[in-house]
Structures are given as C-alpha cells and as structure tokens.
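Residue numbers (my numbering): 28 to 162. Even for Gly, the Cβ is constructed at its ideal location relative to N, Cα and C. Just so it is clear, the structure is predicted and the values come from calculations on it, not from any experiment.
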Ligand SMILES: [Zn+2]
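Structure (structure tokens):
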C-alpha cells in the first residue's frame, strides 16, 4: 500500500522520531504549528480510530500519555491540545490515523477545541440523546 505514514512507521521514510515502541511511532510534524508539535501513529495501517483494531487502542492511547509527558519534561509548555482530524471534512490529509499533540504556550494565538466548530444544533440535547441511544 502506498501510504506515507506506513512508510514513516516502518522507517522506510525517515522522520524526527521522539518515541517508538512495538505499536507506535511518535515524530515531529514537518509543518509544526507549535514548538514540539508531534504526531503519533500506529505502526499498522488504520485509516481512523474506527478502523483501529481494539487491541491497538490501549497501546496507542498509552503512547499519547507517554509522549505528552516527554514533551512536558523537555519543552515545558503551559498546556496541550490533543486531537484527531477524522475524515476529509475535519481536515484529515493523510488516510492513516494520527493523533496530534500540540504544545500550548502563553500568547500562542490558539483557541480551545470549542473554537474548531461553530455549528450548535437546533434541538435540545435530550432529543439528541434519543437519536443516539433510543428512548
Ligand atoms: Zn498507512
């Protein structure tokens, strides 16, 4: 399969790796929006979190925690924004799951996750709940 992140995960294409284990690779984004902007990818190909095998979910999330700690210790930001662009509509550019860890610094001109979308529903959340889980 011709997947950029599969090739980075296997080492076929080099990257600025900051953490690696049997399941994941964490490397610096080549177009960082913040100092230390890191991507974590599973080494197996999965397009998104719904495509990720259950047994890989724990190791991937555990790596997110470890790498956040590594970044805290080394570059000491005031906070982090951690997230996934899932699907073209949300801005996913590479069809291989990647979790962004974005270090946050005072005055970085960023917002919270609430600033990503401005599309509040017209219905009350109780109705939304019924849509999702039934009555
Ligand atoms: Zn892939």
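Residue span of the alpha helix (DSSP H) that contains residue i, given as start and end
i          : result
residue 36 : 31-37
Buried versus exposed call for residue i [16 or more other C-beta atoms within 10 Å across all chains shown]
i           : result
residue 148 : exposed
residue 145 : exposed
residue 73  : buried
residue 61  : buried
Heavy atom of ligand 1 within 8 Å of residue i beta-carbon
i           : result
residue 122 : yes
residue 36  : yes
residue 72  : yes
residue 116 : no
residue 54  : no
The beta strand (DSSP E) enclosing residue i, as first and last residue numbers
i          : result
residue 43 : Unbroken run through residue 43: none, as it is neither H nor E.
*Would you check if the stretch 78-95 and the stretch 46-60 touch, i.e. whether three or more CB-CB distances between them fall below 8 Å?*
Cβ pair count under 8 Å is three or more, so yes.
*asked:* Threshold first: 3 residues or longer. Then list the beta strand (DSSP E) segments lying entirely within the stretch 117-161, N to C.
replied: DSSP runs (the beta strand (DSSP E)) wholly in the stretch 117-161: 126-131.
_Contained beta strand (DSSP E) runs [length at least 3] in the stretch 52-109, N- to C-terminal order_ = Assignment of beta strand (DSSP E) within the stretch 52-109, counting only whole runs of 3 or more residues, yields 65-69 in chain order.
*Taking contact to mean at least 3 C-beta pairs separated by less than 8 Å, is the stretch 68-84 in contact with the stretch 139-159?*
Output reads no: the stretch 139-159 does not touch the stretch 68-84.
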